[in-house]
Amino acid sequence: MYDRTWVWLDEVWKTREENAKFEEGFFTHDGEKISLFDTLLSSLFLVYSNQTYSPYSMVDYFYSRQEADGAIRSCYNIADDSAVDIPDNQEGLSLPLFPYVEYLFYHKIGNKKRLKDIVPYLEKYFTWMKRFQDENGLFAVPPAASEMRNLEREGAKYFVDYNAFMALSALYMSNIGDVLNDKELAFKYKRIYFSLKTRINSLMWDSEDGIYYDLDESGQRVKNMHIGAYMTMLAEIPNVEYATKMITKLRDENVFGLDNPFPTVPRTSRYFTEEGEGYRSSVASWITFFIIKGLINYDSYIFARECALRHMYYILDTLHPDQEELGDTFEFYRPSSEGEAKSPVGNRKRFLPSLGLITITLMIENIIGLNISLPKKTVDWTLPVLEEMGIEKLSLKKNNITILANKNIRGWEIRLESEKLYYFTIEILEENKKKTLPIPSGKCSMLIDKL
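Residue numbers (our numbering): 21 to 471.
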């Protein structure tokens, strides 16, 4: 799946010669339109292409469209750069993922100058977004802005998922300030983050049900449980007690813990259907991705890895339903059986912005278990148990990294190859073992028993 995703991307990738507006190339699933949300999702796996398929041109296109008041719309016509009119989302709002994506660019590509250069765009965009913040401190946006287009909201006005993403945006603006040693920037957005976090915890958390809910216009909780509540874990909003209650629901087969993680509503919801019906109760890979990242924030690494594998196998089983017939991959999957979900909002085949998050990013970061930071010169490898796996020739900047574990007559051996020195940390969770070593450039190997 990892290799095939890159092949599929190559088939749809357009070079600068095909469109000079994108200096380093681009791709889109919307013909002559380019979507902000799709672009930002794609960026989270394109960082592993070693600039072969650079995410910069696509993201920078949206910065170039920024208006005087800071607005960046959710979709543009590539031919004339005009914003696409979306009837149910007149302002062209989308999930505010720019700071999250740029911070990850920095760690995977290592360009600190870029981080400094894009801060003015991010600040203006955040200022524009604050137009949609009400007196209660929460953001009110159209349902389409949450990207979960046909999720039943039952008249809610303040969406927990959107407000969690706004908190995430503030958190990563603060993190960017820390990287740039800009104390004013870091403090400004940390204060915004904690203010929003406090509002979400005090207004949206339901202690009886152990989950966050949307609010209606009067500020009352709308007791319609949906997967958007888990975006709070991505933004590090719940305390450990709250998170523990929420994770229990992800494991419970009568709530969100179905075979294919995770449906948009619990099995007990009146909106749940085995057919999926788009965001009404299907499994969407990008949502699963963000939940898994949220689980990592609460030390649920083994469960997160298990969920990544389970979803990966559902993708694989849908692509290969039997030996005779070749299927495909989709934007939405059924929650408890293999195959594409039904969807009144369309179900795009080979929807790479979402697929690549699982088959490339989660494959590297959560299934193999590698966390790489070029600026820190660190490679962390987290494994539940030792098993034969790894990755060969992972290219990042001018560095090829190979890390493989296998067992031979001398015991478990890890082979490493890199063109630059870095600090390698291996952690084996079930044995409660952790070790950090400087790894010189070139080839080397180490026996686990000797560490």
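Where is the CB? At the ideal position from N, CA and C, for every residue including glycine.
Computed from a predicted model, the values in this text were never measured in an experiment.
By the criterion of a C-beta distance shorter than 8 Å, Asn70 is surrounded in its chain by Ser415, Leu416 and Lys417, once the five residues flanking it on both sides are discounted. The alpha-carbon of Ile468 is positioned some 13 Å away from that of Leu436. Taking a 10 Å sphere around the C-beta of Asp23, we find fewer than 16 other C-beta atoms and assign the residue as exposed. Under the Cβ criterion (8 Å, minimum of three pairs), the segment 308-316 counts as touching the segment 374-390.
In this structure Glu433 is in contact with Ser465, their Cβ atoms being roughly 6 Å apart against a cut-off of 8 Å. Between Phe146 and Asp236, the alpha-carbon positions lie close to 24 Å from each other. Val303 and Tyr182 have their C-alpha atoms roughly 19 Å apart. Judged by beta-carbon spacing, Val405 lies beyond the 8 Å limit of Tyr442, meaning their Cβ atoms are not closer than that value. Excluding the 5 residues flanking it on each side, Val67 has same chain C-beta neighbours closer than 7 Å at Pro75, Leu124, Phe125, Lys128 and Ile129, in chain order. For Trp148, the enclosing alpha helix (DSSP H) begins and ends at Lys132 to Met149. Residue environment: Ser222 is assigned as exposed (fewer than 16 neighbouring CB atoms within 10 Å of its CB, all protein chains considered). Every unbroken stretch of the beta strand (DSSP E) spanning 3 or more residues and falling wholly within the segment 49-79 is given here in chain order: 53-55. By the criterion of a C-beta distance shorter than 6 Å, Arg287 is surrounded in its chain by Asn274, once the five residues flanking it on both sides are discounted. In the structure shown, Ala40 falls within a coil segment according to DSSP collapsed to helix, strand and coil. Met193 places its beta carbon 8 Å or farther from that of Pro140. Taking 8 Å as the cut-off, the Cβ atoms of Leu372 and Thr35 do not count as close. Per DSSP, the continuous beta strand (DSSP E) segment holding Val399 begins and ends at Thr398 to Leu403. Short of 6 Å from the beta carbon of Thr293, and not among the five residues preceding or following it, lie these beta carbons of its own chain, in chain order: Ser301.
Residue environment: Arg93 is assigned as buried (16 or more neighbouring CB atoms within 10 Å of its CB, all protein chains considered). Burial check for Ala324: the Cβ neighbour count within 10 Å reaches 16 or more, so the residue is buried. The beta carbon of Ile388 sits closer than 7 Å to those of Met409, Gly410 and Ile411, all from its chain and outside the five residues before and after it, given in chain order. With 16 or more other Cβ atoms from the protein chains shown falling within 10 Å of its own Cβ, Val242 counts as buried. By the neighbour-count criterion, in which 16 or more other beta carbons inside 10 Å mark a residue as buried, Phe207 falls on the exposed side. Here Asn244 is not near Val365, since their CB atoms are 8 Å or more apart. Taking the Cα positions, Asn156 is about 50 Å away from Ile423. Here the segment 352-361 lies against the segment 325-344, with 3 or more beta-carbon pairs under 8 Å apart. Looking at the DSSP output, Gln153 bridges to Phe159. In the three-state scheme derived from DSSP, where H, G and I count as helix and E and B as strand, Leu467 is classed as strand.
Under DSSP, Cys95 shares a beta bridge with Ser55. Lys470 is classed as exposed because its beta carbon has fewer than 16 other beta carbons within 10 Å across all chains shown. Contact annotation: Arg370 and Trp28 have beta-carbon atoms nearer than 8 Å. In the three-state scheme derived from DSSP, where H, G and I count as helix and E and B as strand, Gly230 is classed as coil. Two segments are said to touch when three or more pairs of C-beta atoms, one from each, lie closer than 8 Å; by this definition the segment 248-255 touches the segment 315-335. Counted as a single uninterrupted DSSP element, the alpha helix (DSSP H) harbouring Ile316 occupies residues Ser305 to Asn317. Rounded to the nearest angstrom, the gap between the Cα atoms of Lys453 and Ile322 is 15 Å. With a threshold of 16 other beta carbon atoms within 10 Å, Arg211 falls short and is exposed.
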